[in-house]
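J.:
Residue numbers (the working numbering): 1316 to 1433.
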C-alpha cells in the first residue's frame, strides 16, 4: 500500500530534482514551512475536505504524476535503473513494432492417462 512516508517522499521528488541542479537557497513561509511544501500542503488540506468521489477523481492523477517524478528521480540518480529501463523499453517497443512476442509459452493439453481415475 501507499504509506505516509512514501507520499512525503514522492511529493518532494520534484523539489529534489530541481534542487540537484538549480536550487541555490530555500525560502520559508512565516510559519517556517518550506515554500515547496506550503502550496501542496494547502492543496491537500483543501482536497481532504471534498467528498470522497471528488477526492479520488482529483488525487489519482496527482498520485500518478508524482509516481512518475519518483521514477524519474530514481533513473537520474541510479545509472543501473536507467540502463535497465532503456533495455527493457527498447525490447518492448521493438517487439510491439515487429509484432513478435517477447516471451511465448506453450500450453500443453491435459493427458488423462497420466493420473488415471479409478
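Beta carbons are placed, not taken as given, at the ideal position from N, Cα and C, and that holds for glycine.
Since the model is a prediction, treat every value here as computed from it, not as a measurement.
(1) Along the chain, where does the alpha helix (DSSP H) containing residue 1334 start, and where does it finish?
(2) With a threshold of 7 Å on Cβ separation, who are the neighbours of residue 1390 within its own chain once the five nearest residues in sequence on each side are excluded?
(3) May I ask which residues mark the beginning and end of the alpha helix (DSSP H) holding residue 1341?
(4) Going by DSSP, what residue range makes up the alpha helix (DSSP H) through residue 1362?
(5) Do you know how far the Cα of residue 1410 is from the Cα of residue 1369?
(6) Is the beta carbon of residue 1325 less than 7 Å from the beta carbon of residue 1381?
(7) Out of 1394, 1371, 1384, 1343, state which residue places its alpha-carbon closest to the alpha-carbon of residue 1332.
(8) Would you mind stating whether residue 1353 and residue 1339 have Cβ atoms separated by less than 7 Å?
(9) Would you please state the rounded distance, in angstroms, between the beta carbons of residue 1362 and residue 1374? I believe it to be under 8 Å.
(10) For residue 1329, which option in 1350, 1403, 1319, 1318 has the closest C-alpha, if you only look at C-alpha atoms?
(11) If you compare alpha carbons, which of 1347, 1327, 1334 is closest to residue 1355?
T.: Inspection of the coordinates gives the following:
(1) One-based indexing of the chain shown puts residue 1334 at position 19. Residue 1334 -> alpha helix (DSSP H) spans 1319-1334.
(2) Sequence index remark: in the chain shown, residue 1390 carries index 75 (1-based). Closer than 7 Å at the Cβ level, and outside the excluded window around residue 1390, lie 1396, 1397, 1400.
(3) As a working mapping, residue 1341 is identified with position 26 in the chain shown. From DSSP, residue 1341 is part of no alpha helix (DSSP H); its letter is neither H nor E.
(4) Along the chain shown, read from residue 1 onward, the residue named residue 1362 stands at position 47. Taken as a continuous stretch (DSSP letters only), the alpha helix (DSSP H) holding residue 1362 covers 1350-1362.
(5) Stepping through the chain shown from its first residue, residue 1369 is reached at position 54. Stepping through the chain shown from its first residue, residue 1410 is reached at position 95. So the alpha carbons of these two residues sit roughly 39 Å apart.
(6) Position 10 of the chain shown holds residue 1325. Position 66 of the chain shown holds residue 1381. Result yes, Cβ atoms of residue 1325 and residue 1381 sit closer than 7 Å.
(7) If you number the chain shown from 1, residue 1332 lands on position 17. Of the candidates 1394, 1371, 1384, 1343, the one whose C-alpha sits nearest the C-alpha of residue 1332 is 1384.
(8) Position 38 of the chain shown, counted from the first residue, corresponds to residue 1353. Position 24 of the chain shown, counted from the first residue, corresponds to residue 1339. For residue 1353 and residue 1339, no; Cβs fall outside 7 Å.
(9) Locating residue 1362 in the chain shown gives position 47, counting from the first residue. Locating residue 1374 in the chain shown gives position 59, counting from the first residue. Yes, they are in contact, since the Cβ atoms of residue 1362 and residue 1374 sit about 6 Å apart, within 8 Å.
(10) Within the chain shown, residue 1329 is the residue found at index 14, counting from 1. If we check each option's Cα against that of residue 1329, 1350 comes out closest.
(11) In the chain shown, counting from the first residue as 1, residue 1355 sits at position 40. Nearest option by C-alpha distance: 1327.
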